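Note that the UniProt record's numbering gives residue 104 to position 103 of the sequence shown, counting from 1, and the numbers run on in steps of one. Using N, Cα and C, we set each Cβ at its ideal position, and we do this for glycine too. These numbers were taken from a predicted model, which means no experiment stands behind them. Presented below is the structure to which this report refers.
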Amino acid sequence: IKRVGVLTSGGDAPGMNAAIRAIVLTGAAYNIDIIGFRHGFNGLLDDDYQTLLPQHVQNIIQHGGTILKSARCKALHTPEGAKQAAEALQRLQLDALVVIGGDGSFRGALAIAEHYHGQIIGVPGTIDNDVDGTDYTIGFATAIDTALDAIDKIRDTADAFERIFLVELMGRHSGYITLSAGIAGGAEQIICPEFGALQPEDLKTLIAPVQRAQLLRGKSSYIIVVAENSYPGGTTALAEALSTALGIECRACILGHIQRGGSPVGADRILATKLGAYAIEQLVLGANLMMAGEINQQAVLYPMAQTGAKKKQIDPYLVRWQQTIASD
Ligand code: F6P
């Protein structure tokens, strides 16, 4: 193969730049031209691209965001959009495309594949860690540390004010970030979608452990981490309902997009470098419609079509332990 396109798509994640760098440097080593498309799949539709040379990826490994910009591309959801994107790849004589993103981006790639004669490979980049076929996605480790830093700070003010705090973390429909940051931050309770939908009538299950903690242990702060999309009216509504039921001030802190930013931690830089390099090497060997993932420290290929099929499970051991201590 001689020419390979690369793009970053969907929610950006710290480490995407490290993946782009590895792709460009590996491409140079194999004498492959790397063409970077800007703004995700939109770059294909808008002819917004540039050749990426090693000098373009100097000093980017440490930066969050993505030098190629990212976006969600509505046009790709239409058959015409997917066809147009494939035509752009053919016109630019690209032998292959690397898509760095989550399983939504991989679905977009599969739609293009129906009209494209070249190879497509995915590299998992999302803070959510909700992609099957890899133990971790690029950006997840950094997002945990960012969330943790916030939880530690909230603990200080929660303790000073003797308040209950609900900290809402991202993850779309996955509790990976919430469970991990909650465990590491010593959260008293963790609420995530994997525990089942929380409805207003279930509030008593949250309240009882808070009351027991107050009576028995005299706790002066209490932190509940909540995955986004866990409660019908949102985490602020949940905090208000708890305040009313308990007669204690409960505050909600929605961490939001802070979790997507920042300099990638070492683990994300290493994972991104490994998977970016592996993606190019596997393209050279003929891989198509696969994702480059890592399982038990081994780089592996996984069918792109299966990356969202199973609904990746959060650690059952930690879930059980957390539920045991919360009900204690
Ligand atoms: O997939 C990454 C993510 O940050 C999710 O955690 C979150 O639900 C979503 O993207 C937010 O998307 P947007 O940036 O479009 O609000």
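The three-state secondary structure of Leu69, taken from DSSP, is coil.
When the beta-carbon positions are compared, Leu95 and Ile165 stay at least 8 Å from each other.
Relative to the ligand F6P, even the nearest heavy atom lies 7 Å or more away from the CB of Ile101.
The stretch 4-21 and the stretch 93-109 touch, with three or more beta-carbon pairs separated by less than 8 Å. His258 has its Cβ nearer than 7 Å to a heavy atom of the ligand F6P. About 17 Å separates the CB atoms of Ile326 and Glu195; that is not less than 8 Å, and the two are not in contact. The straight-line gap separating the alpha-carbon atoms of Leu98 and Gln120 is approximately 6 Å. In the displayed model, Gln190 falls within a strand according to three-state DSSP.
Inter-segment contact for the stretch 10-19 and the stretch 268-275 is present: three or more beta-carbon pairs are separated by less than 8 Å. Linking Arg218 to Gly41 through their CA atoms gives a straight-line distance of about 51 Å.
Beta-carbon to beta-carbon, Ile128 and Ala228 are separated by about 12 Å, too far to satisfy the 8 Å threshold.
Taken in chain order, the complete alpha helix (DSSP H) segments of 4 or more residues contained in the stretch 80-135 are 80-92, 104-114. In terms of CA proximity to Thr237, Arg252 leads the group Leu69, Arg252, Val266. Here the distance from the Cβ of Ile315 to the nearest heavy atom of the ligand F6P is not below 7 Å. When secondary structure is reduced to three states using DSSP, Pro201 falls in the helix class. Residue side-chain check: Asp129 places its Cβ nearer than 7 Å to a non-hydrogen atom of the ligand F6P. Straight across, the Cα-Cα distance linking Gly257 with Leu170 is about 7 Å.
The Cβ atoms of Ser221 and Gly102 lie no closer than 8 Å to each other.
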